[in-house]
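Chemist: Sharing a structure with you now.
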Amino acid sequence: MKKVPLFISSFILLLLLAACNEGGESFDPKVEQEKATSVINSVLTSFEDQEKVATAKTRDEANIIAWKKLKEKNIAAISKDLSKEDQKRLLYLLTLNKADDLSNGETKSNILFTHNTEMKDVSLDQEKKIFTFDIERSGFDHKLITLDKQEEVWKIVAVQDPE
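No gaps in the numbering here: position 123 of the sequence shown is 135 in our numbering, and each next residue is one more.
Below is the structure:
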């Protein structure tokens, strides 16, 4: 007889634990949007405005240096799976090239970080549970940055041109 109440109480305890665990996986769009927005804002302001993040003989060389610095500083916010093309788009959105003409006729590329970006809109794909931020630089450069939750942290997974 004592085994039956013990079994029932164990069963009830398991049900309660299962119910609590399901509640932990709930997705509160407002809270998650705040967290994702915080990630985007930290990337958009990760360097000082007009701070030189790379200098090289060519823009391509400077872009490689600048991307490494940007990625290191924002390692928690950028997905390892971000494609090379998306990396280029993000770097383009966050930096300006101030080239200097050298006395020998060559040019030196200086990549500067810019805070001249604005968040225009945020959309949520409820089914996929991803946020897409519509970002604009200087009033004309326009990109859509998509964040997905990876390892309990919102990360940039795609940077696309708007359709």
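Note that beta-carbon positions come from the ideal geometry of N, C-alpha and C, so glycine has one too.
For residue 176, is the classification buried or exposed, using 16 other Cβ atoms within 10 angstroms of its Cβ as the cut-off for buried?
Modeler: The requested residue 176 is not part of the displayed model; the chain covers only 13 to 175.
Chemist: Beta-carbon within less than 7 Å of residue 93's beta-carbon, same chain only, minus the 5 sequence neighbours each way: which residues are those?
Modeler: Within the sequence shown, the letter at position 81 stands for residue 93. Scanning its chain for C-beta atoms nearer than 7 Å, with the 5 sequence neighbours on each side dropped, one finds around residue 93 the residues 169, in chain order.
Chemist: Tell me where the alpha helix (DSSP H) around residue 72 begins and ends.
Modeler: Sequence index remark: in the sequence shown, residue 72 carries index 60 (1-based). Run containing residue 72: 71–85, per the alpha helix (DSSP H) assignment.
Chemist: Quick check on this structure: which residue in 158, 156, 150, 119 has the alpha carbon closest to the alpha carbon of residue 70?
Modeler: On the sequence shown, position 58 is the one that residue 70 refers to. Closest by alpha carbon: 119.
Chemist: For residue 171, which residues in the same chain have their Cβ closer than 6 Å to its Cβ, ignoring the five residues on either side in sequence?
Modeler: As a first step, residue 171 must be located in the sequence shown, where it is residue number 159. Cβ neighbours of residue 171 beyond the five flanking positions: 98, 101, 102, 155, 157.
Chemist: Count the C-beta pairs between the region 55–70 and the region 123–131 that are closer than 8 Å, then say yes if the count reaches three, no if not.
Modeler: yes
Chemist: Please list, in chain order, all residues of the same chain as residue 114 whose beta carbon is under 7 Å from its beta carbon, the five residues on each side excluded.
Modeler: For the purposes of this step, residue 114 is taken as the residue at position 102 of the sequence shown. Once the five neighbours on either side are set aside, the close Cβ partners of residue 114 are 120.
Chemist: Leaving aside the five residues before and after residue 109 along the sequence, list all residues of the same chain whose C-beta is less than 8 Å from its C-beta, in chain order.
Modeler: Along the sequence shown, one-based indexing puts residue 109 at 97. For residue 109, where only same-chain residues beyond five positions count, the Cβ hits under 8 Å are 71, 74, 121, 122, 123, 124.
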